[in-house]
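Engineer: My questions all concern the structure below.
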Amino acid sequence: MNRIPKLNYTRFIHNWLLSRYAKIPYPLNAQIEITARCNFKCGFCGITQNTDLYNDREMTTEEIKRIIDQLADLKITTISVTGGEPLLRKDCGEIISYIRKHGCIAALATNGWFLKERLLSGVLNKLEYVMVSLDSVDPERHDRYRGVKGSWQRAIEGIKEARRRNITTIISSVITAENFHEMEALAKFARDLGCAIEIMPCEDIVRLENGKTFRAPDIQTKHWVPNLRKWGRQIRNLIPRYPNLTTDYFTARIVEEGGFGYTSFRCNVAKAYIFVRYNGEGNWPCKIHPILRMNLLKYPVNKVYRSKEISQIMEKSDSYPFCKGCRLGCAVVATLTTKMISVVQKFVFRVFLWSVKVG
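Taken in order, the sequence shown gives residues 3 to 361; the numbers are from this note's numbering.
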């Protein structure tokens, strides 16, 4: 099974205690989106619908490093490198190595297409945690979902190479009405590969970018979104039988009950996470519904996080109108950082009690 990445427990507990009891907010994790470009055409992802993103300026390597320096000043425990497809950038390995120099866990979210190639080349030799998208045990179905023939095989090859190198690997599966029956098969398949797995339902997420809203092209058709109550029941059925499943009871309950605003759980994502977009923009409270956008290339993130404006967002927590009905599409469950905590000696329980407080 997976090797557990070495967590900086002192830093983690320091941040958790100060945030919880001293009321001095410290982020637990950060996500840096190093590109918006992607080589896939997933039917349930809206990023391909906003081609303007492909023409926007991306941060340079040095700009990303400067932001990593500032995140380290906030005693961040884990930094996730995401996209788009982050391995489209040739400096992805250099960025991961730089994160490790600061004593943080470096995590990578990828569709797996370039993973084996980059691992064999040695540019990812500092990688210790990777999440790979895999939506079916059937190659044809996965390829159809992802819009690229051969994507299943490339993902499997990347997963096997990562495991051969003892890199902690988690499979990320998006469940639709069509592949709902594969939930247990996916959990077993991941277990046999020596991987953890996160199984989340497909969501109709409407994003706001550059003043325009957009969504996935096919997401409004009923065959994409599964019956969420059935999904929750199946997750609870699988948890005791598949220890490699990181989707937990809390997640199942929140999704089943209709999301935040319909359950006693609360979301404090603005405190727990920092989102940095491909162009150097910071988004608060989350990147799905940002109400505050800051140019972190001009204003240091460690200063912005302590600002009056961010404090006000933290105080308001999940009481914004767009929070009602949110089923964890942004960070609390659906990003790498929480998965890492799930894998690391069940730290997710403590994080969840703080990051998603029981009212």
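Note that beta-carbon positions come from the ideal geometry of N, C-alpha and C, so glycine has one too.
Can you give me the start and stop residues for the alpha helix (DSSP H) that serine 313 sits inside?
Structural biologist: Segment 310 to 318, the alpha helix (DSSP H) holding serine 313.
Engineer: Leaving out five residues on either side along the sequence, give the residues of the same chain with a beta carbon under 7 Å from the beta carbon of arginine 238.
Structural biologist: So the qualifying residues of the chain are Tyr251 and Ala254.
Engineer: What's the gap between the Cα of cysteine 44 and the Cα of leucine 299?
Structural biologist: Rounded to the nearest angstrom, the two C-alpha atoms are 31 Å apart.
Engineer: Quick check on the burial criterion: 16 or more other C-beta atoms within 10 angstroms. Buried or exposed for lysine 118?
Structural biologist: By the 10 Å Cβ count, lysine 118 comes out buried.
Engineer: Taking Cβ to Cβ, would you say isoleucine 161 is nearer than 8 Å to leucine 110?
Structural biologist: No, the pair does not count as a contact, with Cβ atoms beyond the cut-off.
Engineer: DSSP state of serine 138, grouped into three classes?
Structural biologist: Three-state DSSP puts serine 138 in coil, outside helix and strand.
Engineer: Rank Glu184, Glu258, Asn285 and Asp145 by C-alpha distance to the C-alpha of phenylalanine 46 and give the top, closest one.
Structural biologist: For the residues Glu184, Glu258, Asn285 and Asp145, the minimum Cα distance to phenylalanine 46 belongs to Asp145.
Engineer: Leaving aside the five residues before and after isoleucine 276 along the sequence, list all residues of the same chain whose C-beta is less than 6 Å from its C-beta, in chain order.
Structural biologist: Here the set comprises Pro29 and Ala32.
Engineer: Identify the continuous beta strand (DSSP E) that holds phenylalanine 2 and give its terminal residues.
Structural biologist: Nothing about residue 2 can be read from this structure; the chain reaches only from 3 to 361.
Engineer: Nearest chain D C-beta to proline 302 closer than 8 Å, yes or no?
Structural biologist: Given the protein chain composition of this structure (a single chain), no chain D is represented.
Engineer: Let me make sure I understand the geometry here. Which of Ile70, Lys289 and Glu200 has the alpha-carbon closest to that of isoleucine 78?
Structural biologist: If we check each option's Cα against that of isoleucine 78, Ile70 comes out closest.
Engineer: Take arginine 279 and list the residues in its own chain whose beta-carbon comes closer than 6 Å to its own, dropping the five residues that flank it on each side.
Structural biologist: Excluding sequence neighbours, arginine 279 sits near Glu35.
Engineer: Thinking C-alpha only, which one of Gln155, Asp140, Asn246 and Ile101 is nearest phenylalanine 116?
Structural biologist: Looking at the Cα atoms, Gln155 is the closest of the given residues.
Engineer: Applying the criterion that 16 or more other CB atoms from any shown protein chain within 10 Å of the CB defines a buried residue, is asparagine 246 buried or exposed?
Structural biologist: Buried, because 16 or more other Cβ atoms sit within 10 Å of the Cβ of asparagine 246.
Engineer: When you compare the stretch 167 to 179 with the stretch 121 to 138, are there three or more beta-carbon pairs, one atom per stretch, that lie closer than 8 Å?
Structural biologist: Short answer: they touch.
Engineer: Apart from the five residues just before and just after lysine 190, which ones in its own chain have a Cβ nearer than 8 Å to its Cβ?
Structural biologist: Here the set comprises Tyr244.
Engineer: If we count the other Cβ atoms within 10 Å of its Cβ and call it buried at 16 or more, is threonine 249 buried or exposed?
Structural biologist: Threonine 249 is buried by the Cβ-count criterion.
Engineer: From the DSSP output, in three-state form, read off glutamate 200 for me.
Structural biologist: Residue state, collapsed to three classes: strand.
Engineer: To the nearest whole angstrom, what separates the beta carbons of leucine 89 and threonine 112, a pair I think is in contact under 8 Å?
Structural biologist: Their Cβ separation, rounded to whole angstroms, is 6 Å, which keeps leucine 89 and threonine 112 in contact under 8 Å.
Engineer: Alpha carbon to alpha carbon, how far is isoleucine 290 from proline 323?
Structural biologist: Whole-angstrom Cα-Cα distance: 13 Å.
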